[in-house]
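Undergrad:
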Amino acid sequence: MLEQLQESLGKIVKTLRSEGKITENNIRDTLRSVRRSLLEADVNYKVVKEFIDNVQAKAIGITVTKSLTPGRQVVKIFNDELTRLLGAKQYHLKTASMPPTVILLAGLQGCGKTTFAAKLALMLKNQNRKPLLVSVDVYRPAAMQQLEILGKQIGVPVFSDESKVVKRATEAVEFARKQHLDTVIVDTAGRLHIDKEMMKELDALKKNLKPQNILFVADGMTGQDAVNTAASFNDQLGFDGIILTKMDSDTRGGAALSIVSVTGKPIMYIGTGEKPENIEAFHPDRIANRILG
Amino acid sequence: LGKYFRIDTRLLSTIEDTLIASDLGVELTDILIDRLKKIDRRESANLAEILKTEIKSLINSEISINETKTKPRVILCVGVNGTGKTTSIGKLAYRFRTQGKRVMLVAGDTFRAAAYEQLKIWAERSGAEFLGNPKGKDPSSVAFDAIKSALVKGHDTVMIDTAGRLHTKSNLMDELAKIKRVIAKQIPDAPHDIWLVLDANTGQNGIVQAQEFLKTVGVTGIILSKLDGTAKGGAVLAIHHKLSIPIRYLGVGEQIDDLVEFDPGNFVDALLK
Ligand SMILES: Nc1nc2c(ncn2[C@@H]2O[C@H](COP(=O)(O)OP(=O)(O)OP(=O)(O)O)[C@@H](O)[C@H]2O)c(=O)[nH]1
Ligand SMILES: Nc1nc2c(ncn2[C@@H]2O[C@H](COP(=O)(O)OP(=O)(O)OP(=O)(O)O)[C@@H](O)[C@H]2O)c(=O)[nH]1
Ligand SMILES: [Mg+2]
Ligand SMILES: [Mg+2]
Numbered sequence: 085m086l087e088q089l090q091e092s093l094g095k096i097v098k099t100l101r102s103e104g105k106i107t108e109n110n111i112r113d114t115l116r117s118v119r120r121s122l123l124e125a126d127v128n129y130k131v132v133k134e135f136i137d138n139v140q141a142k143a144i145g146i147t148v149t150k151s152l153t154p155g156r157q158v159v160k161i162f163n164d165e166l167t168r169l170l171g172a173k174q175y176h177l178k179t180a181s182m183p184p185t186v187i188l189l190a191g192l193q194g195c196g197k198t199t200f201a202a203k204l205a206l207m208l209k210n211q212n213r214k215p216l217l218v219s220v221d222v223y224r225p226a227a228m229q230q231l232e233i234l235g236k237q238i239g240v241p242v243f244s245d246e247s248k249v250v251k252r253a254t255e256a257v258e259f260a261r262k263q264h265l266d267t268v269i270v271d272t273a274g275r276l277h278i279d280k281e282m283m284k285e286l287d288a289l290k291k292n293l294k295p296q297n298i299l300f301v302a303d304g305m306t307g308q309d310a311v312n313t314a315a316s317f318n319d320q321l322g323f324d325g326i327i328l329t330k331m332d333s334d335t336r337g338g339a340a341l342s343i344v345s346v347t348g349k350p351i352m353y354i355g356t357g358e359k360p361e362n363i364e365a366f367h368p369d370r371i372a373n374r375i376l377g
Numbered sequence: 067l068g069k070y071f072r073i074d075t076r077l078l079s080t081i082e083d084t085l086i087a088s089d090l091g092v093e094l095t096d097i098l099i100d101r102l103k104k105i106d107r108r109e110s111a112n113l114a115e116i117l118k119t120e121i122k123s124l125i126n127s128e129i130s131i132n133e134t135k136t137k138p139r140v141i142l143c144v145g146v147n148g149t150g151k152t153t154s155i156g157k158l159a160y161r162f163r164t165q166g167k168r169v170m171l172v173a174g175d176t177f178r179a180a181a182y183e184q185l186k187i188w189a190e191r192s193g194a195e196f197l198g199n200p201k202g203k204d205p206s207s208v209a210f211d212a213i214k215s216a217l218v219k220g221h222d223t224v225m226i227d228t229a230g231r232l233h234t235k236s237n238l239m240d241e242l243a244k245i246k247r248v249i250a251k252q253i254p255d256a257p258h259d260i261w262l263v264l265d266a267n268t269g270q271n272g273i274v275q276a277q278e279f280l281k282t283v284g285v286t287g288i289i290l291s292k293l294d295g296t297a298k299g300g301a302v303l304a305i306h307h308k309l310s311i312p313i314r315y316l317g318v319g320e321q322i323d324d325l326v327e328f329d330p331g332n333f334v335d336a337l338l339k
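Going down the list, the protein sequences come from chains A and B.
Take 85 as the starting number for the first sequence in this note's numbering and just add one per residue.
Take 67 as the starting number for the second sequence in this note's numbering and just add one per residue.
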């Protein structure tokens, strides 16, 4: 026990004496454990590699603060750099010059789009806006009913006419215009980025609605594949902002870094529960802390 | 083994990336890479096959899947939000119906908007009977009524859908434990199966989910959904390795027949493609 203590003290003293600067050698172990931690947090391995290389390049040669070891110092640099990356860009909902503003939601199956549509609608209603909800999910059993029930719960109207996807959405916009409702939130069916027909449907919605805002909804517990789905949705459809859901779980949320890194698009809001009130602004520093563990 | 006879480190590094990219996680990947490190370099041409064999060896097909002969067989479906529980129950109902079973589906999700209506449609599609309470608040009482009815009517299989719930919410996990107790009071040894539905897109948190559900109610099998996407679902291997829970079925789409029985060989082949 005493020998171990002497050995580690010796190492620290040696490191501090050696140069007081961060070198490849004195942070090697720290880099390895940061890498492991980021992978365990579900950050995509390519994103991890790139991130570590960039931070390492930034860190080498930096003088170590008196109260820290090189290892501790580099972890602080990681935290700052991760916070910076996650918060680098911000996106605020654009409003249409001629109302209504259209917000289109898209994402994989089960990630929380319908629930988020209601959250967004309630948020806008509390900001004295006049939102209209419409679901164009004509596939999932009782999907349109689900949104109708949510709409009733939060006191927001839900457009429920017409059964063809694109027509239903455009009629909803027309309805909003006539009724002087200023925002239309379009909830779409969950789909795979590799489903050509369904991605075509999204494209048709985009072309016909010309939405001012397209938001990509992603499950906060998504693993390595987050880069593939996000990049594919961004390449095929293009989105303005990201919504990360189910962050009330104990998922580390590495998908946040993966998605931001590979698309360059910002995270706007996070979902923190099943109720319409459970929407929070995205705080890059908090998520950075959580990802680094 | 001498350094010159070991597998090339760059090759090992590529394999490591593949395993991590498939969501096997750092721990299980390290275990597999350590095994590969012991292999003679002259075997490198066979590396793909060796890797497949190693991964397959992790899957214990010996875990007894004891399909109860009692009637009704009660299956409880559990899992976190949005993984595909309700849809999987619909697919399973269809499968059991093609096996000539009389199935009852129970709307145990009394919380989420349109959960009742969603399962009702799946019951209609699969030819199963449906039991639920559209105004119902308490899943335990819905389960109670369903089992009572199934015992009288003589159904072969009763599948109980539950609301998605995060394993971190203790009140919701308590609710699940209560549903199980109520079922057990009516039929000893029931529920005969508790299947955890996991989303193939889920990363390492899937392991925590499995641990917590196992601890709270027990899990006798895993259904891995959404394998028709590009996610590999490797976290299920880490779960199986750690907790020995059998992998029962795979969800491969949104249609009623998009369900296959888990086959280790096929799964590993798809994993490494
Ligand atoms: N705990 C938690 N649950 C959430 C959150 N967002 C959504 N959910 C739950 O996740 C499940 C799926 O949500 P939905 O809104 O139906 O997901 P979806 O993307 O519309 O699903 P599809 O339309 O089938 O693709 C439901 O049980 C929701 O209550 C969140 O932020 N936290
Ligand atoms: N592509 C694909 N989608 C699936 C699969 N299984 C389920 N889904 C879809 O995933 C979404 C969520 O499915 P649900 O059955 O509602 O999931 P759940 O676990 O019951 O959700 P909650 O009850 O809200 O927790 C739906 O859009 C389903 O169609 C699958 O194997 N493949
Ligand atoms: Mg939906
Ligand atoms: Mg459900």
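All C-beta atoms, glycine included, are put in the ideal place defined by N, C-alpha and C.
Please read all numbers here as calculations on a predicted model, not as lab measurements.
Which residues end up in the neighbourhood of ligand 4 when you take C-beta atoms closer than 5 Å to any of its heavy atoms?
TA: After applying the 5 Å Cβ criterion, the set is B:K151, B:T152.
Undergrad: For the beta strand (DSSP E) containing F300 of chain A, name the first residue and the last one.
TA: Looking up residue 300 of chain A in the first sequence gives position 216. Taken as a continuous stretch (DSSP letters only), the beta strand (DSSP E) holding F300 of chain A covers 297-303.
Undergrad: Which residues does DSSP pair with W261 of chain B in a beta bridge?
TA: Walking along the second sequence from the start, residue 261 of chain B turns up at place 195. DSSP lists B:C143, B:G287 as partners of W261 of chain B.
Undergrad: Just to confirm my understanding: we take S291 of chain B, look at its own chain, exclude 5 residues before and 5 after, and list those with CB closer than 8 Å. What are they?
TA: Along the second sequence, read from residue 1 onward, the residue named residue 291 of chain B stands at position 225. Within the same chain, S291 of chain B has close Cβ partners T149, G150, T153, S154, V263, L264, D265, A266, L316, G317.
Undergrad: Return yes when the C-beta of K197 of chain A is under 7 Å from any heavy atom of ligand 3, and no when it is not.
TA: Translated into positions along the first sequence, residue 197 of chain A becomes position 113. Yes, since a heavy atom of ligand 3 falls inside the 7 Å radius drawn around the Cβ of K197 of chain A.
Undergrad: Using three-state DSSP, classify V318 of chain B as helix, strand or coil.
TA: Sequence index remark: in the second sequence, residue 318 of chain B carries index 252 (1-based). In this structure, V318 of chain B counts as coil in the three-state DSSP scheme.
Undergrad: Counting Cβ pairs, one atom from each stretch, are 3 or more of them under 8 Å apart for the region 272-286 of chain B and the region 238-256 of chain B?
TA: Yes, the region 272-286 of chain B is in contact with the region 238-256 of chain B.
Undergrad: Using a Cβ cut-off of 8 Å, pull out every chain E residue sitting near R120 of chain A, in sequence order please.
TA: No chain E is part of this structure, whose protein chains are labelled A and B.
Undergrad: Who does V186 of chain A pair with in a DSSP beta bridge?
TA: Position 102 of the first sequence, counted from the start, is the residue given in the question as residue 186 of chain A. In the DSSP output, where bridge partners are listed per residue, V186 of chain A has A:V268.
Undergrad: Here's a check: name, in chain order, each residue in its chain whose Cβ is nearer than 7 Å to the Cβ of M305 of chain A, leaving out the five neighbours to either side.
TA: Taking the first residue of the first sequence as 1, we reach residue 305 of chain A at position 221. For M305 of chain A, where only same-chain residues beyond five positions count, the Cβ hits under 7 Å are K330, S333, T335.
Undergrad: List the residues of chain B that G191 of chain A touches, going by C-beta distances under 9 Å, in chain order.
TA: Indexing the first sequence from 1 puts residue 191 of chain A at position 107. The contacting residues do not exist; G191 of chain A stays about 11 Å from chain B at best.
Undergrad: Can you check which of these residues, B:A229, B:L217, B:I289, is closest to A256 of chain B by C-alpha distance?
TA: Sequence index remark: in the second sequence, residue 256 of chain B carries index 190 (1-based). The option with the nearest alpha carbon to A256 of chain B is B:L217.
Undergrad: Say the cut is 7 Å; is the CB of A266 of chain B nearer than that to a heavy atom of ligand 3?
TA: To locate residue 266 of chain B, count along the second sequence from 1; it is residue 200. No, since every heavy atom of ligand 3 falls outside the 7 Å radius drawn around the Cβ of A266 of chain B.
Undergrad: Just the Cα atoms here: how many angstroms apart are R101 of chain A and A201 of chain A?
TA: Counting from one through the first sequence, the residue named residue 101 of chain A turns up at place 17. Counting from one through the first sequence, the residue named residue 201 of chain A turns up at place 117. At R101 of chain A, the pLDDT of 48 sits below 50, so the modelled position is not reliable; the number obtained from the coordinates is stated separately. Those two C-alpha atoms are separated by around 57 Å.
Undergrad: Is the Cβ-Cβ distance between A229 of chain B and F177 of chain B less than 8 Å?
TA: Position 163 of the second sequence, counted from the first residue, corresponds to residue 229 of chain B. Position 111 of the second sequence, counted from the first residue, corresponds to residue 177 of chain B. Contact: yes.
Undergrad: Give me the chain A residues within the contact set of Q184 of chain B, using Cβ-Cβ distance strictly less than 7 Å, ordered along the chain.
TA: Along the second sequence, read from residue 1 onward, the residue named residue 184 of chain B stands at position 118. Ordered by position in chain A, the residues that pass the 7 Å Cβ test against Q184 of chain B are P225, A226.
Undergrad: Indicate the three-state DSSP secondary structure (helix, strand or coil) for E183 of chain B in the structure shown.
TA: As a first step, residue 183 of chain B must be located in the second sequence, where it is residue number 117. Reduced to three states, the DSSP call for E183 of chain B is helix.
Undergrad: Please confirm whether I343 of chain A and A302 of chain A have their CB atoms less than 8 Å apart.
TA: Numbered from its first residue, the first sequence carries residue 343 of chain A at position 259. Numbered from its first residue, the first sequence carries residue 302 of chain A at position 218. Going by C-beta atoms, I343 of chain A is nearer than 8 Å to A302 of chain A.
Undergrad: Taking V220 of chain A and T272 of chain A to be in contact with their CB atoms under 8 Å, please state how far apart those CB atoms are, rounded to whole angstroms.
TA: In the first sequence, the residue the question calls residue 220 of chain A occupies position 136. In the first sequence, the residue the question calls residue 272 of chain A occupies position 188. Going by Cβ atoms, the distance from V220 of chain A to T272 of chain A rounds to 6 Å, so yes, they are a contact pair.
Undergrad: For P138 of chain B, count neighbouring C-beta atoms within 10 Å of its own C-beta (all shown protein chains included) and say buried if the count is 16 or more, exposed if not.
TA: Along the second sequence, one-based indexing puts residue 138 of chain B at 72. Burial call: buried.
Undergrad: Excluding sequence positions up to five away, which residues of its chain have a Cβ less than 6 Å from the Cβ of K173 of chain A?
TA: Here residue 173 of chain A corresponds to residue number 89 of the first sequence, with the count starting at 1. Once the five neighbours on either side are set aside, the close Cβ partners of K173 of chain A are P350.
Undergrad: Counting C-beta neighbours from all protein chains within 10 Å, is the total for P215 of chain A 16 or more, i.e. buried, or is it exposed?
TA: What you label residue 215 of chain A is simply residue 131 of the first sequence in a count that begins at 1. Counting Cβ neighbours within 10 Å, P215 of chain A comes out buried, since at least 16 surround it.
Undergrad: Please list, in chain order, the residues of the region 270-281 of chain B that have any C-beta partner in chain A closer than 7 Å.
TA: Those would be Q270, N271, V274, in chain order.
Undergrad: Just the Cα atoms here: how many angstroms apart are R374 of chain A and T149 of chain A?
TA: As a position in the first sequence, residue 374 of chain A is number 290, starting the count at 1. As a position in the first sequence, residue 149 of chain A is number 65, starting the count at 1. One C-alpha to the other measures close to 24 Å.
Undergrad: Just to make sure I have the definition right: I need the residues of chain B whose C-beta is within less than 7 Å of the C-beta of K335 of chain A. Which are they?
TA: Stepping through the first sequence from its first residue, residue 335 of chain A is reached at position 251. Note on residue identity: the sequence assigns Thr, not Lys, to residue 335 of chain A. Chain B residues near T335 of chain A: N271.
Undergrad: Suppose contacts are defined by Cβ-Cβ distances below 8 Å. Is A227 of chain A in contact with T254 of chain A by that definition?
TA: As a position in the first sequence, residue 227 of chain A is number 143, starting the count at 1. As a position in the first sequence, residue 254 of chain A is number 170, starting the count at 1. No, Cβ-Cβ distance for A227 of chain A and T254 of chain A is not below 8 Å.
Undergrad: State buried or exposed for R275 of chain A, treating a residue as buried only when at least 16 other CB atoms are found within 10 Å of its CB.
TA: Start at 1 with the first residue of the first sequence, and residue 275 of chain A comes out as number 191. Counting Cβ neighbours within 10 Å, R275 of chain A comes out buried, since at least 16 surround it.
Undergrad: Return yes when at least one heavy atom of ligand 1 lies under 7 Å from the C-beta of T356 of chain A, else no.
TA: On the first sequence, residue 356 of chain A is found 272 positions in, with the first residue counted as 1. Flag set: Cβ of T356 of chain A near ligand 1.
Undergrad: If we count the other Cβ atoms within 10 Å of its Cβ and call it buried at 16 or more, is S345 of chain A buried or exposed?
TA: As a working note, residue 345 of chain A is residue 261 in the first sequence. The residue in question, S345 of chain A, is buried, as its Cβ has 16 or more Cβ neighbours within 10 Å.
Undergrad: If we ignore side chains and look at the alpha-carbon of each, how far apart do L94 of chain B and K167 of chain B end up?
TA: Against the second sequence, residue 94 of chain B aligns to sequence position 28. Against the second sequence, residue 167 of chain B aligns to sequence position 101. If you take the alpha carbons of L94 of chain B and K167 of chain B, they lie about 39 Å apart.
Undergrad: In its own chain, which residues sit with a C-beta less than 6 Å from the C-beta of K133 of chain A, not counting the 5 before and 5 after it?
TA: Start at 1 with the first residue of the first sequence, and residue 133 of chain A comes out as number 49. Result list for K133 of chain A: empty, nothing under 6 Å.
Undergrad: Based on the DSSP output, what are the partners of S219 of chain A in its beta bridges?
TA: Residue 219 of chain A sits at position 135 when you count from the first residue of the first sequence. According to DSSP, S219 of chain A bridges with A:D271.
Undergrad: Pairing CB atoms from the region 77-90 of chain B with CB atoms from the region 305-319 of chain A, are three or more of them under 8 Å?
TA: The region 77-90 of chain B, when compared against the region 305-319 of chain A, does touch it at the 8 Å Cβ threshold.
Undergrad: Can you give the Cα-Cα distance for K248 of chain A and V222 of chain A, rounded to whole angstroms?
TA: Residue mapping note: residue 248 of chain A aligns to position 164 of the first sequence, counting from 1. Residue mapping note: residue 222 of chain A aligns to position 138 of the first sequence, counting from 1. When rounded, the distance between both Cα atoms is 8 Å.
Undergrad: Looking at the C-beta of D324 of chain B, does it have a partner C-beta in chain A at a distance below 8 Å?
TA: For this step, residue 324 of chain B is matched to residue 258 along the second sequence. With 8 Å as the cut-off, D324 of chain B does not count as an interface residue toward chain A.
Undergrad: DSSP three-state call for P368 of chain A: helix, strand or coil?
TA: Taking the first residue of the first sequence as position 1, residue 368 of chain A is located at position 284. Residue state, collapsed to three classes: helix.
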